[in-house]
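A.B. asks: Could you have a look at this structure, given as structure tokens, before my questions?
Protein chains: 2
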Amino acid sequence: MAASPRDGIPLAVSTVIFALRSDAESGLGALWIPLVRRITEPFGGRWALPGGWVRAEEGLADAASRNLLETTALEPTYLEQLYAFGNVDRSPSGRVVSIVYWALVRADQAERATEGENVRWFPADDLPELAFDHNVIIDYALWRLRTKLEYSRIAQAFLGETFTLTDLREVHEAVLRRPLDPANFRRQVASTLVPTGAVVSGGRHRPPKLYRYNQTIEVVDNGPISREKTGSNRAIS
Amino acid sequence: MAASPRDGIPLAVSTVIFALRSDAESGLGALWIPLVRRITEPFGGRWALPGGWVRAEEGLADAASRNLLETTALEPTYLEQLYAFGNVDRSPSGRVVSIVYWALVRADQAERATEGENVRWFPADDLPELAFDHNVIIDYALWRLRTKLEYSRIAQAFLGETFTLTDLREVHEAVLRRPLDPANFRRQVASTLVPTGAVVSGGRHRPPKLYRYNQTIEVVDNGPISREKTGSNRAIS
DNA sequence: ACAAAAGTGTTGGTGCTACACCCATGA
DNA sequence: TCATGGGTGTAGCACCAACACTTTTGT
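First to last, the protein sequences are chains A and B. Under this note's numbering, the first residue of the first sequence carries the number 28, and numbering increases by one thereafter. Under this note's numbering, the first residue of the second sequence carries the number 28, and numbering increases by one thereafter.
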């Protein structure tokens, strides 16, 4: 085997962060993504995924978390590795390998995010032309989120500890961008929920029960130890 | 953002290679993996996944292919990224980030592989204690292969251009380690196959038709462009 | 004729979709 | 009592596992 390359390839992490924001007029929720404006070349002035270099003494997920906090002040409730992008020509200024993560934050967290000239939220399905291959990366992260929502409990990461079935259903509807039958949705997720006993009163209708997941999902990426379906290639019909 | 770390972290690729070998006595097929013996510290003498450093001018999948060819002389018919392993303590001799791929080779290819003192095939489900975190990595790759087999056409990568339904079923049975009902298996995969017209005669029974996939799978990893389900976290029940 | 594997038909169960219907509350 | 959403029941359909059965070859 060749000698160890101590002149190694620059290694970066980036993160696709998703938050739900409810549209003021329609009332419907939708996915939004925070992006940062590049101040240096290449792609100076363009919007890009938050990210940065991996330090020698920190793990990959740690590096993602740290960069998130530094650039956007966000602390996600869910973080998972997406893919390692390493095409030789992805950056015009020289070879960079990026390990990309995707993250979910709650709405209250998202509001606390620093927004300004160099950090701004964009609708996930209507993005400008971004730096590097970041449009492709976000498309992939979106596909993964939408796919994974249907067989895992990640919707929890958008909500608080307890929630009503309507809350949960609205998260699914916002992510999947289609209405879901409340009756069938209830049955689909029923086995993963336990009622807390509390209800929400105040609405001019029957008070909905508050539920809790019967098993909490991992907050932060712990690698492929706990396995779920996710992936990198479209299923065939 | 901090200055670019031109003293970057060493970046390696490794590959989990699967081949089917039919056991001489039982006649049943099983998954085998080629491993290489480490000649340097750390873990000198231990068996490990084939791999090496990523060169500055080659893509990640290219690096995986090259290392495969150099260390085992194998040319896989399928190659896909598995996961980027980057724990700070995965190597006792210093930080290394490994992008791991998994690959499938046909039986005829596998026979051509160099086997000797420093390259040897092992049954995938009965491995010795390997170097680094390679046992964990292989467990994950095995899970991914078994999961993906059920909703994609990767079984094709173990076979030639044409094959009988029994050939295909035996691949599935070997990977999943359980017998499958021939009648139901036929119906499950029927929509993905087209008969070639040819049959196999010579057996002392009705000659089976030779089939071909109606759509070829990609031979080599092309990133997350073509999407299928795969993944990194276990599905909930 | 018989053995063996290819290939087809059928039946019962399970889960999902669509939609009718009842329940509990505020106004 | 009415409007509103919470919550339950149910019929139809698709899919799947199990297994009986027919087909086609070699010996």
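Backbone N, C-alpha and C fix where the C-beta goes; we use that ideal spot for every residue, glycine too. All figures in this text were calculated on a predicted structure; none of them were measured in a lab.
Can you round the beta-carbon distance between residue 150/B and residue 130/B to whole angstroms, since I take them to be within the 8 Å contact cut?
C.D. replies: Wrong, their Cβ atoms sit about 17 Å apart, outside the cutoff.
A.B. asks: Among the candidates 97/B, 89/B, 240/B, 145/B, whose CA atom is the shortest distance from the CA of residue 65/B?
C.D. replies: Nearest option by C-alpha distance: 145/B.
A.B. asks: Touch check for the stretch 165 to 183 of chain B and the stretch 195 to 208 of chain B: three-plus C-beta pairs under 8 Å?
C.D. replies: Result yes; three or more Cβ-Cβ pairs closer than 8 Å.
A.B. asks: Tell me where the beta strand (DSSP E) around residue 150/A begins and ends.
C.D. replies: Run containing residue 150/A: 146 to 150, per the beta strand (DSSP E) assignment.
A.B. asks: For residue 122/A, decide whether its Cβ has a neighbour in chain B, counting only Cβ atoms nearer than 7 Å.
C.D. replies: Yes, its Cβ sits closer than 7 Å to a Cβ of chain B.
A.B. asks: Would you say residue 28/B reaches chain A, if we count a Cβ-Cβ gap shorter than 7 Å as a contact?
C.D. replies: Residue placement at residue 28/B is flagged as unreliable, the pLDDT there being 47, under the threshold of 50; the coordinate-derived value follows with that caveat. Yes, residue 28/B counts as interfacial toward chain A.
A.B. asks: Nearest CA to the CA of residue 56/A: which residue from 222/A, 216/A, 204/A?
C.D. replies: Residue 56/A has its Cα closest to that of 204/A, out of 222/A, 216/A, 204/A.
A.B. asks: With a threshold of 7 Å between beta-carbons, can residue 87/B be considered close to chain A, or not?
C.D. replies: Yes, because at least one Cβ of chain A sits closer than 7 Å to the Cβ of residue 87/B.
A.B. asks: Residues of chain A with CB under 7 Å from residue 84/B, in chain order?
C.D. replies: Ordered by position in chain A, the residues that pass the 7 Å Cβ test against residue 84/B are 115.
A.B. asks: Can you tell me which of the three DSSP states residue 190/A falls into?
C.D. replies: Strand, per DSSP.
A.B. asks: At least one CB of chain B closer than 7 Å to the CB of residue 251/A: is that the case?
C.D. replies: At least one chain B Cβ lies under 7 Å of residue 251/A.
A.B. asks: Mind checking if residue 44/A is an interface residue toward chain B, Cβ cutoff 7 Å exclusive?
C.D. replies: By this cut-off, residue 44/A is not an interface position.
A.B. asks: Straight-line CA distance for residue 192/B to residue 77/B?
C.D. replies: The alpha-carbon atoms of residue 192/B and residue 77/B are separated by roughly 33 Å.
A.B. asks: Closer than 7 Å, CB to CB, is residue 111/A near chain B or not?
C.D. replies: At least one chain B Cβ lies under 7 Å of residue 111/A.
A.B. asks: Using 8 Å as the Cβ pair cut-off and three pairs as the minimum, do the stretch 204 to 215 of chain A and the stretch 225 to 239 of chain A touch?
C.D. replies: The stretch 204 to 215 of chain A is not in contact with the stretch 225 to 239 of chain A.
A.B. asks: If we define contact as Cβ-Cβ less than 7 Å, is residue 35/B a contact residue for chain A?
C.D. replies: With 7 Å as the cut-off, residue 35/B counts as an interface residue toward chain A.
A.B. asks: Let me confirm a value: residue 157/A is counted as buried when at least 16 other C-beta atoms fall within 10 Å, else exposed. Which label applies?
C.D. replies: Answer is buried; the Cβ neighbour count reaches 16.
A.B. asks: Assign residue 183/A to one of three DSSP states: helix, strand, or coil.
C.D. replies: Helix.
A.B. asks: Drop a sphere of 10 angstroms on the beta-carbon of residue 226/A, count the other beta-carbons inside from all chains shown, and report buried for 16 or more, exposed for fewer.
C.D. replies: Counting Cβ neighbours within 10 Å, residue 226/A comes out exposed, since fewer than 16 surround it.
A.B. asks: Within this structure, are the beta carbons of residue 195/A and residue 140/A separated by less than 7 Å?
C.D. replies: No, Cβ-Cβ distance for residue 195/A and residue 140/A is not below 7 Å.
A.B. asks: Just to confirm before moving on: does the CB-CB distance between residue 86/A and residue 114/B stay below 7 Å?
C.D. replies: Their beta carbons are under 7 Å apart, which means residue 86/A touches residue 114/B by this criterion.
A.B. asks: Given that residue 1/B touches chain A, what residues does it touch there, using C-beta distances under 9 Å?
C.D. replies: This structure leaves residue 1/B out entirely; chain B is present only between 28 and 264.
A.B. asks: Which ranges does the beta strand (DSSP E) cover as unbroken runs of at least 3 residues, wholly within the stretch 29 to 95 of chain A, from first to last along the chain?
C.D. replies: The qualifying runs are 38 to 49, 56 to 64, 78 to 80.
A.B. asks: Nearest to residue 40/B by alpha carbon, out of 187/A, 35/A, 89/A, 67/A?
C.D. replies: Of 187/A, 35/A, 89/A, 67/A, the residue nearest in Cα terms is 35/A.
A.B. asks: Rounded to the nearest angstrom, what separates residue 97/A and residue 207/B at their Cα positions?
C.D. replies: Whole-angstrom Cα-Cα distance: 53 Å.
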